[in-house]
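Here the structure is laid out as structure tokens; the discussion comes afterwards.
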Amino acid sequence: MSIYKEITLNGIWKQNPGVVQLLGLCPTLAVTTSVVNGVSLGLATVLVMAAANGAISPVRKYVPNEIRVPVFILVIAALVTVIDLSINAFAHPLHKVLGIFIPLIVVNCIVLARVESFAAKNAPIPSILDGFMMGIGLTLVLALLSGMREVIGKGTLFSGLDLVFGPSAKQFVLTVIPDYHGFLLAVLPPGAFLGLGMLIAARNWIDIRNKAKDSTHEGHTTEAEFHPALNT
Amino acid sequence: MSDTLIKHALKTASTLTAFALVGTAILAYIFLITRAPIEASEAEARLALFSQILPHDVYDNDLLKTELVIPPNQLLGNRTPSKANIATLGNEPVGVILEAIAHDGYAGDIKLLIAIRADGSVSGVRVLTHKETPGLGDYIEIERDDWITQFNNESLMKTAAKDWAVVKDGGKFEYMAGATITPRAIVKAVAKALQFFNDNKPQLLEKKPAEKVLQGKDKR
């Protein structure tokens, strides 16, 4: 398997930051009240991660081991601020929705984790791809989770799309369940935990089933690499 | 031994400094080039909000240019100076847009924008920011419910002081079951803002808004 294919597979499935590494919990739980919020923040994270990995990898040999964490944090914080200012300047309504969560990408452990564990040891191109794919993996989880929460909690899909694409996008808002009064639990934080739990269970179930199929052909068992959840 | 240690420390420190300098330079540059667009979109967003609560045909001035600074005032609930925008039609003041803050919401402050006509009646109210419970207390947002429009055309003359309360407390304003604290806070804030307007009407609606000091009954 080529390295690029493996990086892609790791980001989206094997090492998915949302449901395997459990390293992106802060935004995963906080902004997934609607699909638009979840996906927007996910894409902002993709940008930050690809840029952070791309910025660290070329200078990795010049950063002394003792100060690598401060340097990484500095680079990530600067990039997040740049993206925060840019969104504020060029997509102001979106900035109003995501508000506090964009600066919080800094404390999203997954960004530092990928910089530390991948970009600090690999060449720039694979690093950028790793950051990008990890971000996409997280975005997929955010999209699924926010979709579940929005439909169950509010009975709609894509509400708030007009904040991103202007008022004309309002027609794309789907009312999945008409005359729905909402199920508050899904929108509140506990709903996020329950939904995430279900997603993790579903992913593990698919993984185990696939492995059972594989082991009939050959005996290689790569235990899904679980990382303890050390998150903010 | 200590020599190499110092050398090493110096090298580490200078690397960190270099990164900090480059980072700061990039940030300063981005800040400079995004400042104008951010200010422009903030002004645009503000004007868009203004147009929701004060129809375009009642005034003909640039609202952002006739701005008053109101010192901290208990009736408006602002603890730092806030803004008031005066609307005029043919140089005659026709209304004012006030910012008010309700501190007694269910979760944190509720920031309101209230447009008041020269006769002391409400032209419109909007919630700027709030932290009320999603799905319960957030019907105060115009995007979710038209609850906030029941303040339109209200005034202290039209509605007696004792009726400035939610129905549950014997007043005349509707609320939704499950969240009473939120509407209670907003009703109170709107009434107090109207009181502020009545108290300061001469200063607010003077013809040259630039040079005046607002008294306000600050009871603190």
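These protein sequence lines map, in sequence, to chains A and B.
Heads up: the first sequence is residues 1 to 232, going by the working numbering.
Heads up: the second sequence is residues 1001 to 1220, going by the working numbering.
Every residue, glycine too, gets a C-beta built ideally from N, C-alpha and C.
If you're wondering where the values come from, they're calculated on a predicted model, not measured in any experiment.
Quick check on residue i: does DSSP put it in helix, strand or coil?
i                : result
P1093 of chain B : strand
N65 of chain A   : helix
G11 of chain A   : helix
M134 of chain A  : helix
T1129 of chain B : strand
F1173 of chain B : strand
S1002 of chain B : helix
D1199 of chain B : helix
I110 of chain A  : helix
T175 of chain A  : strand
G18 of chain A   : coil
A120 of chain A  : coil
T1088 of chain B : strand
A1179 of chain B : strand
H1008 of chain B : helix
S215 of chain A  : helix
D1138 of chain B : helix
Could you tell me which chain B residues have their CB closer than 9 Å to the CB of residue i, listed as they occur along the chain?
i               : result
N88 of chain A  : T1034, P1037, I1038, S1041, E1042
Y180 of chain A : Within chain B, no residue comes near Y180 of chain A; the closest Cβ sits about 11 Å away, beyond 9 Å.
I67 of chain A  : T1012, A1013, T1015, L1016, F1019
G153 of chain A : P1134, G1135
Could you name the residues that DSSP lists as bridge partners for residue i?
i                : result
K154 of chain A  : In DSSP, K154 of chain A forms no bridge with anything.
S1121 of chain B : B:S1155
I1026 of chain B : Paired residues: none, contrary to the question.
A1115 of chain B : B:I1097, B:G1124
V1166 of chain B : B:F1173
V1069 of chain B : B:K1083
N1078 of chain B : B:N1073
I1110 of chain B : B:A1102
Cβ of residue i less than 8 Å from any chain D Cβ?
i             : result
Y4 of chain A : No chain D appears in the structure shown, which is made up of the protein chains A and B.
So with CB distances below 8 Å, who are the chain A contacts of residue i?
i                : result
A1045 of chain B : H92, P93, K96
L1027 of chain B : A78, T81, V82
G1077 of chain B : Within 8 Å Cβ-Cβ: nothing; G1077 of chain B doesn't reach chain A, min ~22 Å.
Starting from the beta carbon of residue i, find every residue of chain B whose beta carbon is closer than 7 Å, and list them in chain order.
i              : result
A50 of chain A : Within chain B, no residue comes near A50 of chain A; the closest Cβ sits about 17 Å away, beyond 7 Å.
V71 of chain A : L1016, F1019
V63 of chain A : T1015
In chain B, which residues lie with their C-beta within 8 Å of the C-beta of residue i?
i              : result
L85 of chain A : I1030, F1031, T1034, I1038
Touching by the beta-carbon criterion (3+ pairs, under 8 Å), the segment 58 to 73 of chain A and the segment 143 to 159 of chain A
no
Residues from the segment 1140 to 1168 of chain B in contact with chain A, defined by Cβ distance under 7 Å
none
Return the residues of the segment 1098 to 1122 of chain B that lie within a Cβ-Cβ distance of less than 7 Å from chain A, sorted by chain order.
none
In the segment 181 to 201 of chain A, which residues sit with their C-beta less than 8 Å from some C-beta in chain B, listed in chain order?
For the segment 181 to 201 of chain A, which is checked against every Cβ of chain B, the residues closer than 8 Å are G182, L184, V187, L188.
Pairing CB atoms from the segment 33 to 43 of chain A with CB atoms from the segment 108 to 125 of chain A, are three or more of them under 8 Å?
no
What are the residues in the segment 1184 to 1198 of chain B lying within 7 Å of chain A by C-beta distance?
The residues in question: there are none.
If you pair each beta-carbon of the segment 197 to 216 of chain A with each one of the segment 169 to 182 of chain A, do three or more pairs fall below 8 Å?
no
Could you check whether the segment 76 to 90 of chain A touches the segment 1018 to 1029 of chain B, counting it as contact only if at least three pairs of C-beta atoms, one from each stretch, sit closer than 8 Å?
yes
Pair every Cβ in the segment 1143 to 1160 of chain B with every Cβ in the segment 1115 to 1126 of chain B, then say whether three or more of these pairs are closer than 8 Å.
yes
Could you say if the segment 84 to 98 of chain A and the segment 1029 to 1049 of chain B meet the contact criterion of at least three C-beta pairs nearer than 8 Å?
yes
Touch test, the segment 1074 to 1082 of chain B against the segment 1056 to 1065 of chain B, Cβ-Cβ under 8 Å, three pairs minimum:
Contact fails between the segment 1074 to 1082 of chain B and the segment 1056 to 1065 of chain B, because fewer than three Cβ pairs, one in each stretch, are under 8 Å apart.
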